[in-house]
Structures are given as structure tokens and as C-alpha cells.
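Each residue of the sequence shown is one higher than the last, beginning at 46 in our numbering. A short write-up of the structure that comes next.
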Amino acid sequence: MTKFFFFSNLKNMNIEALVDLLHHGQMRKTGEPYTSHLYAVRNILIEEGINDKAILESALLHDTLEDSDITREYLSLWFGNQVAGIVEAVTKSPSWNTSYCRMKSNLSEMQLAWIKYPEAILVKMADRLHNLRTIQGLPPHKWPLYLEETKTHLLPLFSQIMNNRLVRCLSFLAVMESLLSKLQQEIKKIEKSF
């Protein structure tokens with residue numbers, strides 16, 4: 046009852062205040078407030094020319110289902126089905142125990158969800174790009190695994206989704222191609238550093 050009252054009153058907040066509240070006290074491995082990552086993901090999309098409100102809101106909310114008590118239903122109520130769908134499409138499923146099973150399951154789920162919500166690929170690409178740009182927050186021995194996951198699983202999936210004939214008709218395909226190129230460049234830059 047208290048949680049519902051609290052959440053129902055959050056609807057009147059602007060999205061930035063809501064994001065700040067939901068992630069209050071959370072820190073990134075880099076030592077920065079967690080919200081810095083959410084704003085950076087949104088800013089990457091803005092820099093790429095994205096001005097679609099649902100995509101930008103989804104970028105700010107992309108970790109909300111994983112890292113807060115907010116449900117998909119609340120997101121749908123507050124921001125609409127499109128935002129809720131995009132956020133859900135980039136959310137990792139907690140149902141698997143090993144990281145390999147989580148990754149394989151997550152890739153299958155993402156592939157299906159991204160066909161329905163192709164805007165989610167923009168958010169995921171910007172998310173991964175920012176994580177690569179701030180990889181120094183991870184212990185150096187984890188960098189190769191993170192890079193391998195990106196190169197072996199995510200980049201091929203991004204390319205596969207981008208080559209889907211339905212996605213190829215979307216106006217933001219050029220942004221996807223730009224982000225894919227930036228991801229590849231960032232990987233090369235990191236690989237040169239070790």
C-alpha cells in the first residue's frame with residue numbers, strides 16, 4: 046500500500062527528477078553517481094541527432110527495471126507502452142544462474158524484442174558505447190571478457206537486426222550505422238591499450 050502510494054505520486058515528477066530519485070545513492074564502478082551513465086547514454090543519442098521523446102526517455106530509464114522497484118506496468122502507465130517496451134527490451138533477464146546462460150538467453154530475448162521495438166537497439170548501442178568509453182571502471186582483467194562479449198555477441202546481433210528488412214526502412218538506420226562504427230572504433234582503441 047505504501048509502495049503504491051509512493052509510486053503513484055512519482056507520476057507528477059519530471060523524468061530527470063524521477064531518474065535521480067530511483068537511482069539515488071547508486072554508484073558506478075568508476076566512482077561516479079550511477080545517473081551519470083544514464084544521462085551519458087541519452088546524450089550520446091542526442092549527439093547522434095535523435096530527438097524522439099520516447100527513445101530519449103527510454104535511454105534515461107534503460108536500467109530502471111533492473112535497478113529499482115519500478116515495474117514495466119508503472120513505466121507503461123507513466124510513459125506509455127513504447128517507452129516501457131523499449132526499456133523492457135534492453136533489460137537483462139535475472140532468471141539464469143550463469144553468466145553464459147544469461148548472455149545467451151538475453152541475446153535471444155533481445156533479438157525478439159528488438160524486432161518489435163527496434164528503437165531499443167539505439168539505446169543498447171549507446172549504453173554499450175558509454176560502458177566501453179568508461180571501461181577503466183572495471184578491473185583490467187575483466188576488459189578482455191567485456192570486449193569479447195561485445196565483439197562476439199552484441200556486434201553481430203546489432204548487424205543482424207540492422208539488416209532486417211523491417212528495420213532497414215526506419216529513419217534512424219543511419220544512426221545505428223554510426224553507433225556501430227563508434228563501437229568498433231572504441232574496441233580497437235581499448236585493444237591497443239593492453
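Glycine included, each C-beta is placed from N, C-alpha and C at the ideal position.
(request) Could you check what DSSP says for PRO163 in three-state terms: helix, strand or coil? (result) coil
(message) Mapping the DSSP letters down to three states, classify MET170 as helix, strand or coil.
(response) helix
(request) Please determine, among GLU93, LYS98, ASP112, the residue with the shortest C-alpha to C-alpha distance to GLY70. (result) ASP112
(request) Please go through the same chain and pick out, in chain order, the residues whose beta-carbon is closer than 8 Å to the beta-carbon of MET58, but skip the five residues on each side of it. (result) LEU66
(message) Suppose the cutoff is 8 Å on Cβ atoms and the five residues either side in sequence are ignored; what does the same chain contact list for MET72 look like?
(response) PRO78, TYR79
(message) Which complete alpha helix (DSSP H) runs does the segment 63 to 141 hold, if anything under 4 residues is left out?
(response) 80 to 92, 98 to 106, 109 to 112, 117 to 124, 126 to 134
(message) Distance check for THR75 and PRO185, CA to CA, integer angstroms please.
(response) 12 Å
(message) At a cut-off of 6 Å, would you count LEU225 as near the ligand SAH, judging by its Cβ distance to the nearest heavy atom?
(response) For the structure depicted, the ligand SAH is absent and the ligand set is empty, with no information on it obtainable.
(request) Determine the closest residue to LEU167 out of LYS227, LEU63, ILE235, PHE239, with distance taken between C-alpha atoms. (result) LYS227
(request) Select from TYR191, GLU222, ILE160 the residue whose C-alpha is nearest the C-alpha of ASN209. (result) ILE160
(request) Have a look at GLU61, LEU90, HIS198 and flag the residue whose alpha-carbon is nearest the alpha-carbon of MET221. (result) LEU90
(message) Taking the beta carbon of ASP108 as the centre, do at least 16 other beta carbons fall within 10 Å, making it buried, or is it exposed?
(response) buried
(request) Would you check if the distance between the CB atom of VAL128 and the CB atom of ALA171 is smaller than 7 Å? (result) no
(message) Within 10 Å of its beta-carbon, does LYS169 have 16 or more other beta-carbons around it, so buried, or fewer, so exposed?
(response) buried
(message) With the cut-off set at 7 Å, would you say ALA165 and ILE131 are in Cβ contact?
(response) yes
(message) Given a cut-off of 7 Å on the beta-carbon distance, is the pair LEU83 and LEU110 in contact?
(response) no
(message) Just to confirm, is the Cβ distance from PHE203 to LEU225 under 7 Å?
(response) yes
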